[in-house]
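Q: Here it is, the structure in full.
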Amino acid sequence: MKISQRVHCRSCVRFVLAAFVFLVCAISISAADQTVVLKAARMFDGKSKALVQNGVVIVQGDKIVDAGSNVAIPAGAQVIDLGDMTLSPGFMDAHTHLTLDFTGNFNEKRLKEFQTNVSEMALMAITYARATLEAGFTTVRDLGSRFAGSPEFVDVALRNAINHGITPGPHMLVATKGIGATGGHFDSTGGYRDKLFGREPDPSEGIADGPDEIRKAVRFEVKNGANVIKAAVSGGVLSLADEVDTPQFTPAEMAALVDESHRLRKKVAVHCHGDQAAREAIEAGVDSIEHGSFMKPETLQLMKTKGTYLVPTLMATEYIMSKIDSYPLALQAKAKAAGAARSEMFRNAVKMGVKIALGTDAGVFPHGDNAKEFALMVGLGMQPIDALRSGTSNDADLFGIAQAVGTLEKGKRADIVAMPGDPTADITATERVSFVMKEGKIIRNGPATPRTAAVPDDDVDLPAD
Ligand SMILES: [Zn+2]
Numbered sequence: 062m063k064i065s066q067r068v069h070c071r072s073c074v075r076f077v078l079a080a081f082v083f084l085v086c087a088i089s090i091s092a093a094d095q096t097v098v099l100k101a102a103r104m105f106d107g108k109s110k111a112l113v114q115n116g117v118v119i120v121q122g123d124k125i126v127d128a129g130s131n132v133a134i135p136a137g138a139q140v141i142d143l144g145d146m147t148l149s150p151g152f153m154d155a156h157t158h159l160t161l162d163f164t165g166n167f168n169e170k171r172l173k174e175f176q177t178n179v180s181e182m183a184l185m186a187i188t189y190a191r192a193t194l195e196a197g198f199t200t201v202r203d204l205g206s207r208f209a210g211s212p213e214f215v216d217v218a219l220r221n222a223i224n225h226g227i228t229p230g231p232h233m234l235v236a237t238k239g240i241g242a243t244g245g246h247f248d249s250t251g252g253y254r255d256k257l258f259g260r261e262p263d264p265s266e267g268i269a270d271g272p273d274e275i276r277k278a279v280r281f282e283v284k285n286g287a288n289v290i291k292a293a294v295s296g297g298v299l300s301l302a303d304e305v306d307t308p309q310f311t312p313a314e315m316a317a318l319v320d321e322s323h324r325l326r327k328k329v330a331v332h333c334h335g336d337q338a339a340r341e342a343i344e345a346g347v348d349s350i351e352h353g354s355f356m357k358p359e360t361l362q363l364m365k366t367k368g369t370y371l372v373p374t375l376m377a378t379e380y381i382m383s384k385i386d387s388y389p390l391a392l393q394a395k396a397k398a399a400g401a402a403r404s405e406m407f408r409n410a411v412k413m414g415v416k417i418a419l420g421t422d423a424g425v426f427p428h429g430d431n432a433k434e435f436a437l438m439v440g441l442g443m444q445p446i447d448a449l450r451s452g453t454s455n456d457a458d459l460f461g462i463a464q465a466v467g468t469l470e471k472g473k474r475a476d477i478v479a480m481p482g483d484p485t486a487d488i489t490a491t492e493r494v495s496f497v498m499k500e501g502k503i504i505r506n507g508p509a510t511p512r513t514a515a516v517p518d519d520d521v522d523l524p525a526d
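Numbers in the numbering used here are just positions in the sequence shown, counted from 1, shifted up by 61.
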């Protein structure tokens, strides 16, 4: 090669390098500085008692830089005019099971759990996470992911995969396996013959008896990635070896559960239908009561005084009741008792001003149908605007992340949804979200990804015999 050619080549390389550096800088500057303006006929800011007209939210990168009525639009911004829609902070669900497969048939589900490899369940969970996000739920608290006989932490894996941008889904705060007593609602060996699984489950599977074992279980779950601690302190509907409302932890066990979790800066959510267990759990200082079906007015008053959240999961009972014939007789009786009690409990909680955070128990019903909880809450006496707050800023407060999300305000994460019409006039508008933005990225502006067979659009066909 001649010297002149070499010089020529070197300057070529320099030019290409310079152009490349310029391009990379330009791309990163434009990604960080790209201003996107969302406009809609109305806006719910996540905290106010009324919608504002002519809502405008200005997004830069992954943050909201301004929001309000008729906010001035910066020059050069990309404007997305959503027309006759209502902007809202991304919805939140305080009670999901994103790694659990849905089916309306209890025995079919139990059998499937034995037949399906846990890795396969994890792959299926990817579709559940996507369906949940596309339905407008940008953050969920995922309260329990256990697979009998498996040490896997599928919820932790799913949360991390979503955080790393590997697969779309909501922000997840996960509880891993949950903690419960021997023979209680979380003991997945309950209802089978003794020793079928070879041994009794232990604290590493979330089954713990006595304050020390409970502390060990909390530490084990936090060690393995839990963001929140979930425990079953009373019986449940979908478990065979217990009564639905009996207490399953003693006050001393509940005190240990709350103390150990709070020392590790984790909130405590307890599955609880029974009144006595709820009272003892509230006194022990839990952060939320999940379900709460049989809670009496005095217990609700105690919740109000202590500032404990109620997460009503009305969708779970609603769905089970609609499929009641497909559950074993013992569970039918429990579901009917809980279903009959919960409506009055919820009406009382609303009247008394107990703090309520929207949570559904998705996984008991098809993932992606979470927004139906809004209409159920309104149907039982909650004002539509309060239902919207319950599924946004109240959840953020309960999760301990209100400084980052839950309202449309300067500095908050750009997790934003839009739904047609006015949700305070027709709350079912929340079920028709067609625009979803998460961390400033548009997830959906139009039809959702068709649900796969694993996420049925409609009711599951029950076996003929
Ligand atoms: Zn649940």
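Where is the CB? At the ideal position from N, CA and C, for every residue including glycine.
Does residue 156 come out as helix, strand or coil in the three-state DSSP assignment?
A: strand
Q: Does the distance between the C-beta of residue 158 and the nearest non-hydrogen atom of ligand 1 fall short of 7 angstroms?
A: Yes - ligand 1 has a heavy atom lying nearer than 7 angstroms to the Cβ of residue 158.
Q: Residue 368: buried (16+ other C-beta within 10 angstroms of its C-beta) or exposed?
A: exposed
Q: Quick one: using the 10 Å Cβ neighbour count with 16 as the cut-off for buried, is residue 89 buried or exposed?
A: Note that residue 89 has pLDDT 43, beneath the 50 cutoff, so the model's placement of it is unreliable and the number below is only indicative. Under this definition residue 89 is an exposed residue.
Q: So, residue 435 versus residue 414, is the Cβ gap smaller than 8 angstroms?
A: no
Q: Would residue 235 and residue 211 be called neighbours here (beta carbons separated by less than 8 angstroms)?
A: For residue 235 and residue 211, no; Cβs fall outside 8 angstroms.
Q: Express the C-alpha separation of residue 302 and residue 401 in angstroms, rounding to a whole number.
A: 21 angstroms
Q: Count the other C-beta atoms from every protein chain shown that fall within 10 angstroms of the C-beta of residue 324, then say buried if there are 16 or more, exposed otherwise.
A: exposed
Q: Could you pull out every unbroken beta strand (DSSP E) segment of at least 3 residues lying fully inside the region 436-498, listed in chain order?
A: For the region 436-498, whole beta strand (DSSP E) runs of length 3 or above, ordered along the chain, are 477-481.
Q: Quick one: what's got a C-beta closer than 6 angstroms to residue 463's C-beta in the same chain, skipping five residues either side?
A: 457
Q: CA-CA distance, residue 484 and residue 467?
A: Residue 484 and residue 467: Cα-Cα distance of roughly 17 angstroms.
Q: Return the CA-CA distance between residue 107 and residue 326, expressed in angstroms with no decimal places.
A: 26 angstroms
Q: Compute the beta-carbon to beta-carbon distance between residue 371 and residue 167, rounded to the nearest angstrom, for a pair I have assumed lies under 8 angstroms.
A: 26 angstroms between Cβ atoms; not a contact.
Q: Compute the Euclidean distance between the alpha carbons of residue 311 and residue 404, then round it to the nearest angstrom.
A: 27 angstroms
Q: Would you kindly report the start and end of the unbroken alpha helix (DSSP H) that includes residue 281?
A: Note, residue 281: alpha helix (DSSP H), 272-284.
Q: Just to confirm, does residue 459 get its C-beta within under 7 angstroms of one of the non-hydrogen atoms of ligand 3?
A: Ligand 3 is not part of the structure shown, which contains ligand 1 as its ligands.
Q: Less than 8 angstroms separating the beta-carbons of residue 112 and residue 469?
A: no
Q: Once you ignore the five residues that flank residue 534 on each side, which residues in its own chain have a CB closer than 6 angstroms to its CB?
A: Outside the modelled stretch of the chain, which goes from 62 to 526, sits residue 534, for which no answer is possible.
Q: Should residue 205 be counted as a contact of ligand 1 given a C-beta to heavy atom distance under 7 angstroms?
A: The answer is yes for residue 205.
Q: Please list, in chain order, all residues of the same chain as residue 225 whose beta carbon is under 6 angstroms from its beta carbon, the five residues on each side excluded.
A: none
Q: Can you confirm whether the region 252-267 touches the region 277-286 when touching is taken to mean that 3 or more C-beta pairs between the two stretches lie within less than 8 angstroms?
A: yes
Q: Between residue 348 and ligand 1, is the CB less than 7 angstroms from at least one heavy atom?
A: no
Q: Quick check on DSSP: helix, strand or coil for residue 198?
A: strand
Q: Is there contact between the region 216-225 and the region 473-493, where contact requires at least three CB pairs shorter than 8 angstroms?
A: no
Q: Would you say the beta carbon of residue 332 is closer than 7 angstroms to some non-hydrogen atom of ligand 1?
A: yes
Q: What is the DSSP secondary structure of residue 314, reduced to helix, strand or coil?
A: helix
Q: Going residue by residue through the region 202-274, where are the continuous beta strand (DSSP E) segments of at least 3 residues, counting only ones entirely within it?
A: 232-235
Q: Note the first and the last residue of the continuous alpha helix (DSSP H) segment covering residue 427.
A: Run containing residue 427: none; DSSP gives neither H nor E here.
Q: Once you ignore the five residues that flank residue 275 on each side, which residues in its own chain have a CB closer than 6 angstroms to its CB?
A: Closer than 6 angstroms at the Cβ level, and outside the excluded window around residue 275, lie 269, 314, 317, 318.
Q: Near residue 445, what residues of its chain come up, given a Cβ to Cβ distance below 7 angstroms and the 5 sequence neighbours on each side ignored?
A: Listed in chain order, the non-local C-beta contacts of residue 445 below 7 angstroms within the same chain comprise 439, 484, 485, 488, local neighbours out to five positions each way being set aside.
Q: May I ask you to list the residues that DSSP assigns as paired with residue 121?
A: 96, 124
Q: Of the choices 194, 158, 418, whose alpha-carbon is the least far from that of residue 237?
A: 158
Q: Going by C-alpha to C-alpha distance, which of 100, 165, 189, 185 sits closest to residue 431?
A: 189
Q: Span of the alpha helix (DSSP H) holding residue 343?
A: DSSP places residue 343 inside the alpha helix (DSSP H), whose first and last residues are 336-345.
Q: Could you spell out where the alpha helix (DSSP H) holding residue 356 opens and where it closes?
A: That residue, residue 356, is in no alpha helix (DSSP H); it is neither H nor E in DSSP.
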